[in-house]
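Those sequence lines, one after another, are chains X and P.
According to this note's numbering, the stretch in the first sequence is residues 1 to 117, in order.
According to this note's numbering, the stretch in the second sequence is residues 118 to 229, in order.
All C-beta atoms in this analysis are idealised placements derived from N, C-alpha and C, irrespective of residue type, glycine included.
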Amino acid sequence: DGGITQSPKYLFRKEGQNVTLSCEQNLNHDAMYWYRQDPGQGLRLIYYSQIVNDFQKGDIAEGYSVSREKKESFPLTVTSAQKNPTAFYLCASSPKLKGQGYNQPQHFGDGTRLSIL
Amino acid sequence: RKEVEQDPGPFNVPEGATVAFNCTYSNSASQSFFWYRQDCRKEPKLLMSVYSSGNEDGRFTAQLNRASQYISLLIRDSKLSDSATYLCVVNRGTGGYNKLIFGAGTRLAVHP
């Protein structure tokens, strides 16, 4: 089945440790996104990528890094500089829009819950 | 002020009730609009897009008022399975790619 796969489902980070969250899609979508969700809050954009080997910072990029070496993969690294990493992390993808229409939603993976040990 | 504002609720309604959620957005250049549904500890899933002319999908009706920068979702004949958080989402993408801005969500609890 086509979709977005995030792994692991649960992840624990020790102080001073970098951890990497995996996101893979087989939808042939050009754009991929990483969001963070804290309890009772909306999703906040961390990084996004519109094309292979290119990515842009979102609203809360500090303490995170990404790479986009392949179209289907967009891993997120939570570095030790991110002092409050405990959150629900969601990866999403969407196709490039055709014509003038922007009415194209994003599809989400089922998320990774990150906690500090 | 947040770019997308929603009443957080919770809305506690009995089965069969009609309930309406409202959402306002501040960026008049927003291109398109959606309602997503998020169950507890799960990923958001698209419920419906919102069109200027208004649109309906079964028991769900979405309305958009661009002049007032206001979006609504109406749920008729509520079911227990409608209990979830409803996210208002605005797209202000450019250059052929979308960029979604999410509201914090409105929680709905339908009881027997």
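Next on the checklist: Let me check understanding here. Comparing Cα to Cα, which of 79/X, 34/X and 52/X lies closest to residue 45/X?
Outcome noted: Mapped onto the first sequence, residue 45/X falls at position 45. That would be 34/X, whose Cα lies nearest to the Cα of residue 45/X.
Checklist entry - Per DSSP, what kind of secondary structure is residue 197/P in: helix, strand or coil? => result Locating residue 197/P in the second sequence gives position 80, where the first residue counts as 1. Looking at residue 197/P - three-state DSSP - the assignment turns out to be helix.
Checklist entry - For residue 117/X, which three-state DSSP category applies? => result What you label residue 117/X is simply residue 117 of the first sequence in a count that begins at 1. Three-state DSSP puts residue 117/X in coil, outside helix and strand.
Next on the checklist: Using a Cβ-Cβ cutoff of less than 6 Å, which residues in the same chain neighbour residue 218/P once the five nearest sequence positions on both sides are dropped?
Outcome noted: Sequence index remark: in the second sequence, residue 218/P carries index 101 (1-based). For residue 218/P, where only same-chain residues beyond five positions count, the Cβ hits under 6 Å are 120, 121 and 207.
Checklist entry - When the cut-off is 9 Å and only beta carbons count, does residue 173/P lie next to chain X? => result If you number the second sequence from 1, residue 173/P lands on position 56. Closer than 9 Å: no.
Checklist entry - By a C-beta neighbour count over all protein chains shown, 10 Å radius and 16 as the cutoff for buried, is residue 49/X buried or exposed? => result The residue labelled residue 49/X in the question sits at position 49 within the first sequence. Residue 49/X comes out buried.
Checklist entry - Among 221/P, 194/P and 188/P, which one has its Cα closest to the Cα of residue 138/P? => result Indexing the second sequence from 1 puts residue 138/P at position 21. The shortest Cα separation from residue 138/P among 221/P, 194/P and 188/P belongs to 188/P.
Next on the checklist: Between which residues of its own chain and residue 201/P is the CB-CB distance below 7 Å, once the five residues before and five after are set aside?
Outcome noted: Locating residue 201/P in the second sequence gives position 84, counting from the first residue. 154, 155, 156 and 225.
Checklist entry - What residues of chain X sit near residue 161/P, judged by a beta carbon separation below 8 Å? => result Residue numbering aside, residue 161/P sits at position 44 when the second sequence is read from its first letter. Ordered by position in chain X, the residues that pass the 8 Å Cβ test against residue 161/P are 43, 90 and 108.
Checklist entry - Which one of 15/X, 67/X and 19/X has the shortest CA to CA distance from residue 113/X? => result If you number the first sequence from 1, residue 113/X lands on position 113. For residue 113/X, the nearest C-alpha among the options comes from 19/X.
Checklist entry - Do you know offhand how far residue 96/X's Cα is from residue 143/P's? => result Here the question's residue 96/X lines up with position 96 in the first sequence. Here the question's residue 143/P lines up with position 26 in the second sequence. If you take the alpha carbons of residue 96/X and residue 143/P, they lie about 25 Å apart.
Next on the checklist: For a quick check, are the C-beta atoms of residue 74/X and residue 25/X less than 9 Å apart?
Outcome noted: Sequence index remark: in the first sequence, residue 74/X carries index 74 (1-based). Sequence index remark: in the first sequence, residue 25/X carries index 25 (1-based). Cβ atoms of residue 74/X and residue 25/X: closer than 9 Å.
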